[in-house]
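Numbering (our numbering), first residue to last: 197 to 322.
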């Protein structure tokens, strides 16, 4: 659920990028970061290891304009696609306002994409 700060006149929305491991979630955030003015975005933060592309999450705060006098800020997160990080995914999905499901376009990754979709639905039901 969005967080509204009436004193600062800000609306904060949490958007999660969800998909299988190495499907392009982080690449999406990196592209957005590269295309948005530094005045409208914060730092792109990533918690990575040498073995996994994303250990816990990537995070990009982004200002998207004003609605009825309130500055709207998106908090973009990626979640790790690898199986051992199910608890991290569930935690990040709490209070989510929107989900971008990222599909790997490689036909050999169809099973991984379908499994990721199944996991997303299962996590949302819990």
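We put the CB at the ideal spot given by N, CA and C, even for glycine.
Check: Rank 298, 321, 268 by C-alpha distance to the C-alpha of residue 210 and give the top, closest one.; Outcome: 268
Check: With DSSP as the reference, label residue 199 as helix, strand or coil.; Outcome: strand
Check: On the three-pair Cβ rule with 8 Å, is the stretch 224 to 239 touching the stretch 306 to 319?; Outcome: no
Check: Can you check the stretch 203 to 280 for any alpha helix (DSSP H) of at least 4 residues that lies completely inside it and give the ranges in chain order?; Outcome: 221 to 231
Check: Pair every Cβ in the stretch 280 to 291 with every Cβ in the stretch 219 to 236, then say whether three or more of these pairs are closer than 8 Å.; Outcome: no
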